[in-house]
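Keeping their order, the protein sequence lines are chains A and B. Residue numbering for the first sequence follows the working numbering, beginning at 87 and increasing consecutively. Residue numbering for the second sequence follows the working numbering, beginning at 119 and increasing consecutively. Built from N, CA and C at the ideal position, the CB exists for glycine as well. Take a look at the structure set out below.
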Amino acid sequence: MFSKPIFKQSVKTNWRLWAIITIVASIILSGFIIGYDAAGYASIASAAEGTAFSSLLSSMDSLLGNLENFYKLIALILGIVYVVFTANNLVVNEVDSGSMAYTLSTPIKRRSVIFTKSLYMISSVLLMYVIVSLAGLGASQLQYNNVTGYPITDDVEAAAEPLDQSKRYLSERLYLIEDNEQAMRDAAAARDMDLEAYSIYLTEVINDHSYEETAKIITDEREDIYEEDDDIEDEDIKITTEDLMKDPQMILESNDALTAGAKVKGISVNEYQQFVNNEVKSLRSKENKKVEESEEGQEDTQPAFRVTEENAGLLLQTVIESSANALNMNSNQVEDNLTLTKDPAALEAAIEATGLQEEQIITMTHNTMVSSARAVDQALEFDRETYFWLSIGLFSLILAISSISFFTSTLFNRTGVALAVGGGIPFAFFLLTMVQQLMDDTPAILEYLTLTTLFDTDAILASGEFGWGLIALGIIAFGLYTAANIIFTKKDLPL
Amino acid sequence: MSVIKVNHATKDYGHGRGIFDVSFEVKEGETFGFLGPNGAGKSTTIRHLMGFSKLDDGELSINGKNSWKSADNIKHDVGYLPGELAFPKGMTGDQFIEYMAKERQLTDMTQTKELKELFEIDSSKAIKEMSLGTKRKLAVVTAFMHDPKILILDEPTSGLDPVMQERFIQFVLKEKAEGKTILLSSHIFTEVDATCDRIAIIKDGVVVSTVEADELKQNTNKSFKIEFANFKDYQKFIKNTALTISVKRPKQNQVKLTVTDQKMQELFMELSEVKLKFISEIKFTLEDYFMDFYDRDKTVADGEENLQYGMH
């Protein structure tokens, strides 16, 4: 079935376009990843809320979400260019020009000719997206160290110098920053926070990391336990960081987990055990408190005003504006650097404007700074599974499109017709997708007119249902390649 | 034994194009000419013989194997020279030769070397930079590199200069001497005339005549054009002759007539009694014969008749 000379000849005539597209796609994907401005997109997205751009920006609040436009538009059009021209080159061009006559004047079966050419088309697309995906992976790892480890954030970068440690080493041992005053100051400045806020932030991050490590180990242990048990779902075996935050008790049951958690915090296992115990206690007391509160009703000795989820946004805005007035600054400047609200003059104005106590205002400012810093960290996280499915999805989509072009390339005898149909359909898909991506309210019918709908990047990013779309793409590709193979062995060739 | 069999082959492309009920056979060791104007159906017939297309009706076989069903199998013994010179893109001549050798699973390259020397081809250049003649030579080398027993040649000399045309004819004659079976399609009379044992003439998709080349060469009929010294002699000859005069031209005092070899003596006896200005033999060539069919107005019957009488 497989003919080596034909495969070699296919490579020889098509490798240039393949190489160009592969390189360009790799560079653009790497550019998207390296150029990702986590803090910037977060603020743009909030500014664009409610405008026509919001749909475009909504997914940009994470590194992988930011890649949606790469996958849905840029990678799509590059893939289309490659598969349309290559499919055309492989079959109809040789039939139309007549050079297929030389191949078929040898004792080679038509079956082998078309099978080998299909194989070239499929394997070249596969190799292209393996390389492009690896390039993206490499770029992310080099820039953020977030594929194999924790992201290297600006503060880690800044603290690396006074501590004389490599950034990667430090990103796994954040407690080293806590222990060094100079490092703390540099790191806080790098994240636009003061020392107080930064140390709250750092402690939170370290605790989270310790939970993350322990969660991994507990999940591994549970997988070993339930390996034989078919009744239990993978989802139920898995213990997430969030599960542990709600119920740290589980950590105490595993020695390995305790060791791993202690290592992240740079403390002894005993100390870590103590820490977890304290966490468990404080969670319990919080729960009790809640119960008591609801029983006691609204009678309390706390200040008249309380910061709740509902009024936090408004209160913060008021604090910012009054601070800006007191400091004679633009409110945007204050918003960008919330430490300014801690200036005595600003504080006084803010207390007056909100009626809150000084402590409350400072806590609120800290919370805001810490949570926005954590949001940026989260945006820089690299979910390998999501990335894997995005890459598989893109490959399936381009493979399905290549099957359309390949099919028309074998169906028609004239290059012009084959190119018009086999290139026109994929290009129409691209245009429809562009309209969908760039416009807010597109008629729902458009979704049914393009194959790209089956590659549901939104669902992949949101860990929703996307498997059937990819399976459908695979079925389309298989069907059309098979049909092309059958047609070519039976058709009249005008040679 | 017939190596190539074309049996009532019909393929209708519509609008009168195609081939209709074409039949002929090429015997082992025979060189068969397939003559006809452009668009008559020569290439269509060969395309079907090579298994590129499927017939509507009829049957084609090479070495007893069906051309469509066993298309790959029969190619072991067939060397095919396509009419169109469309090579795969982006190759040098040597790369193309290597590619074809690999596809034929050929390891012995002595024949290839000999062919390259015979046709004096420089195959190191990129194909797209080659002249038409060099491309044609390259096609010849790759078509016969495996020393096939059957040669199918579609317009083999178009694009070759006269010297190379002659060399190609010598090549075909050499292959013929080695006992190869050859099907040669052409619209050039001289190469068909020089090489072929039998000739089929195809016009508008229909084989209008199949002739033995020797039949034409050793035609026992001879045609003459005779001009008399004056009108009196012209009249005298017409009056007295026992022979059939096919054309009379009183104004020029000319006649044309055809005699068999046996009646030659009789003709000259009669001519000795009149005064002549000149007498010349009208030579009958394949070209004349072909031109009869080429002319759309002439029917098949007219052509047959001319062959018989050698009259033109």
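Exercise. Relative to the C-alpha of S96 of chain A, which residue among B:V144, B:F170 and B:M209 is closest?
Worked result: In the first sequence, the residue the question calls residue 96 of chain A occupies position 10. Per the Cα distances, B:M209.
For this session: Classify N125 of chain B as helix, strand or coil using the three-state DSSP reduction.
Result: Residue numbering aside, residue 125 of chain B sits at position 7 when the second sequence is read from its first letter. Three-state DSSP puts N125 of chain B in a strand.
Exercise. Per the contact definition of three or more C-beta pairs closer than 8 angstroms, is the region 144-152 of chain B in contact with the region 303-316 of chain B?
Worked result: Contact holds: three or more Cβ-Cβ distances are below 8 angstroms.
Exercise. What residue from A:S491, A:G555, A:F468 and A:W475 has the CA that sits closest to Q582 of chain A's CA?
Worked result: Because chain A in this structure spans residues 87 to 581, residue 582 of chain A falls outside the shown range and cannot be described.
Problem set entry | Collapsed DSSP secondary structure at T202 of chain A in the structure displayed | As a working note, residue 202 of chain A is residue 116 in the first sequence. Of the three classes helix, strand and coil, the one that applies to T202 of chain A here is helix, per DSSP.
Exercise. So which residues on chain C does M218 of chain B lean against when the C-beta distance must stay under 7 angstroms?
Worked result: The chain labelled as chain C is not found among the protein chains of the depicted structure, namely A and B.
Exercise. Cβ of S183 of chain A less than 8 angstroms from any chain B Cβ?
Worked result: Along the first sequence, one-based indexing puts residue 183 of chain A at 97. S183 of chain A counts as touching chain B.
Exercise. So does E232 of chain B have its beta carbon nearer than 7 angstroms to some heavy atom of the ligand COA?
Worked result: In terms of ligand content, the structure shown is empty, and the ligand COA therefore cannot be addressed.
Exercise. Between which two residues does the alpha helix (DSSP H) containing Y198 of chain B stretch?
Worked result: Mapped onto the second sequence, residue 198 of chain B falls at position 80. DSSP places Y198 of chain B in no alpha helix (DSSP H) but in the uninterrupted beta strand (DSSP E) bounded by V196 to L199.
Exercise. If you drop the 5 nearest sequence neighbours on each side, which residues of the same chain put their C-beta closer than 7 angstroms to that of A244 of chain B?
Worked result: Here residue 244 of chain B corresponds to residue number 126 of the second sequence, with the count starting at 1. Short of 7 angstroms from the beta carbon of A244 of chain B, and not among the five residues preceding or following it, lie these beta carbons of its own chain, in chain order: T210.
Exercise. Using the rule of at least 16 other Cβ atoms within 10 Å of the residue's Cβ for burial, across every protein chain shown, is W554 of chain A buried or exposed?
Worked result: Here residue 554 of chain A corresponds to residue number 468 of the first sequence, with the count starting at 1. By the neighbour-count criterion, in which 16 or more other beta carbons inside 10 Å mark a residue as buried, W554 of chain A falls on the exposed side.
Exercise. What's the gap between the Cα of S340 of chain A and the Cα of I238 of chain A?
Worked result: Position 254 of the first sequence holds residue 340 of chain A. Position 152 of the first sequence holds residue 238 of chain A. A direct Cα-to-Cα measurement between S340 of chain A and I238 of chain A gives close to 29 angstroms.
For this session: Name, please, each residue of chain B whose Cβ falls closer than 7 angstroms to the Cβ of T172 of chain A.
Result: Position 86 of the first sequence, counted from the start, is the residue given in the question as residue 172 of chain A. In chain order: nothing, as chain B lies at least about 13 angstroms away.
Problem set entry | Residues in the region 177-192 of chain B having any Cβ partner in chain A nearer than 9 angstroms | Listed in sequence order: A189, D190, N191 and I192.
Exercise. Taking Cβ-Cβ distances shorter than 7 angstroms, what residues in chain A pair up with H194 of chain B?
Worked result: For the purposes of this step, residue 194 of chain B is taken as residue 76 along the second sequence, with counting starting at 1. Correct list: P193.
Problem set entry | P206 of chain B versus V233 of chain A: straight-line alpha-carbon distance, rounded | The residue you call residue 206 of chain B lines up with position 88 of the second sequence. The residue you call residue 233 of chain A lines up with position 147 of the first sequence. If I take the Cα positions, the gap works out to 45 angstroms.
For this session: Give a yes or no on whether 8 angstroms exceeds the smallest Cβ distance from D527 of chain A to chain B.
Result: For this step, residue 527 of chain A is matched to residue 441 along the first sequence. No, its Cβ sits nowhere closer than 8 angstroms to a Cβ of chain B.
Exercise. Of all the options B:T376, B:S120, B:Q213 and B:Q380, which has the alpha carbon lying nearest to the alpha carbon of K401 of chain B?
Worked result: Residue numbering aside, residue 401 of chain B sits at position 283 when the second sequence is read from its first letter. Nearest C-alpha to K401 of chain B: B:T376.
For this session: Return the bridge partner residues of R316 of chain B from the DSSP annotation.
Result: Taking the second sequence and counting its residues from 1, one reaches residue 316 of chain B at position 198. B:F150 and B:E330, per the DSSP bridge assignment.
Exercise. Since T99 of chain A meets chain B, which of its residues come closer than 8 angstroms, beta carbon to beta carbon?
Worked result: The residue you call residue 99 of chain A lines up with position 13 of the first sequence. Neighbours of T99 of chain A in chain B, taken as residues whose beta carbon is under 8 angstroms from its own, are P206, K207 and G208 in chain order.
For this session: Ignoring anything shorter than 3 residues or poking outside the region 156-188 of chain B, list the beta strand (DSSP E) runs there in chain order.
Result: With a minimum length of 3 residues, the continuous beta strand (DSSP E) runs that stay inside the region 156-188 of chain B are 175-180.
Problem set entry | Rounded straight-line distance, which links the Cα of E154 of chain A to that of V362 of chain A | As a working note, residue 362 of chain A is residue 276 in the first sequence. As a working note, residue 154 of chain A is residue 68 in the first sequence. Distance between the alpha carbons of V362 of chain A and E154 of chain A: 39 angstroms.
Problem set entry | Exposed unless 16 or more other CB atoms sit within 10 angstroms - verdict on T559 of chain A | By 1-based counting over the first sequence, the position of residue 559 of chain A is 473. It is Leu, not Thr, that sits at residue 559 of chain A in the sequence shown. Buried.
Problem set entry | Delimiting residues of the beta strand (DSSP E) encompassing Q372 of chain B | Within the second sequence, numbered from 1, the residue matching residue 372 of chain B stands at position 254. Looking at the DSSP string, the run of the beta strand (DSSP E) that includes Q372 of chain B is Q372 to T378.
For this session: Mind checking the region 545-579 of chain A against chain B and listing, in chain order, the residues whose C-beta falls within less than 7 angstroms of any C-beta there?
Result: Listed by position along the chain: D578 and L579.
For this session: Please list the residues of the region 267-286 of chain B that have a C-beta atom closer than 8 angstroms to any C-beta atom in chain A, keeping them in chain order.
Result: Here the close residues number zero.
Problem set entry | Contact belief for T108 of chain A with M214 of chain A at Cβ below 8 angstroms, rounded distance in angstroms | By one-based count along the first sequence, residue 108 of chain A stands at place 22. By one-based count along the first sequence, residue 214 of chain A stands at place 128. Contact between T108 of chain A and M214 of chain A holds, with the beta-carbon distance rounding to 5 angstroms and staying under 8 angstroms.
For this session: Whole angstroms is fine: what's the gap from T192 of chain A's alpha carbon to D226 of chain B's?
Result: Indexing the first sequence from 1 puts residue 192 of chain A at position 106. Indexing the second sequence from 1 puts residue 226 of chain B at position 108. Roughly 16 angstroms separates the two Cα atoms.
Problem set entry | Buried or exposed (CB count within 10 angstroms, at least 16 for buried), L400 of chain A | Taking the first sequence and counting its residues from 1, one reaches residue 400 of chain A at position 314. Classification for L400 of chain A: exposed.
Problem set entry | Residue burial classification, F386 of chain B (beta-carbon count within 10 angstroms, cutoff 16) | By one-based count along the second sequence, residue 386 of chain B stands at place 268. Around the beta carbon of F386 of chain B, fewer than 16 other beta carbons sit within 10 angstroms, so the residue counts as exposed.
Exercise. Do you know how far the Cα of T359 of chain B is from the Cα of E95 of chain B?
Worked result: Limits of chain B in this structure are 119 at one end and 430 at the other, which puts residue 95 of chain B out of reach.
Exercise. For D279 of chain B, which residues does DSSP report across the bridge?
Worked result: Locating residue 279 of chain B in the second sequence gives position 161, counting from the first residue. D279 of chain B is not bridged to any residue.
Exercise. Comparing alpha-carbon positions, which option in A:S408, A:Y168, A:L159 and A:I92 lies nearest L426 of chain A?
Worked result: Translated into the one-based positions of the first sequence, residue 426 of chain A becomes position 340. Residue A:S408 holds the alpha-carbon nearest to the alpha-carbon of L426 of chain A among A:S408, A:Y168, A:L159 and A:I92.
Problem set entry | Beta-carbon proximity check, T454 of chain A vs L413 of chain A, cutoff 8 angstroms | Translated into the one-based positions of the first sequence, residue 454 of chain A becomes position 368. Translated into the one-based positions of the first sequence, residue 413 of chain A becomes position 327. Result no, Cβ atoms of T454 of chain A and L413 of chain A do not sit closer than 8 angstroms.
Problem set entry | Cβ-based neighbour list, Y287 of chain A, same chain, cut-off 8 angstroms, excluding 5 preceding and 5 following | Along the first sequence, read from residue 1 onward, the residue named residue 287 of chain A stands at position 201. Once the five neighbours on either side are set aside, the close Cβ partners of Y287 of chain A are R277, M279, M455, V456, A459 and R460.
For this session: Report yes or no: do the region 122-133 of chain B and the region 511-519 of chain A share at least 3 C-beta pairs separated by less than 8 angstroms?
Result: Too few Cβ pairs lie closer than 8 angstroms, so no.
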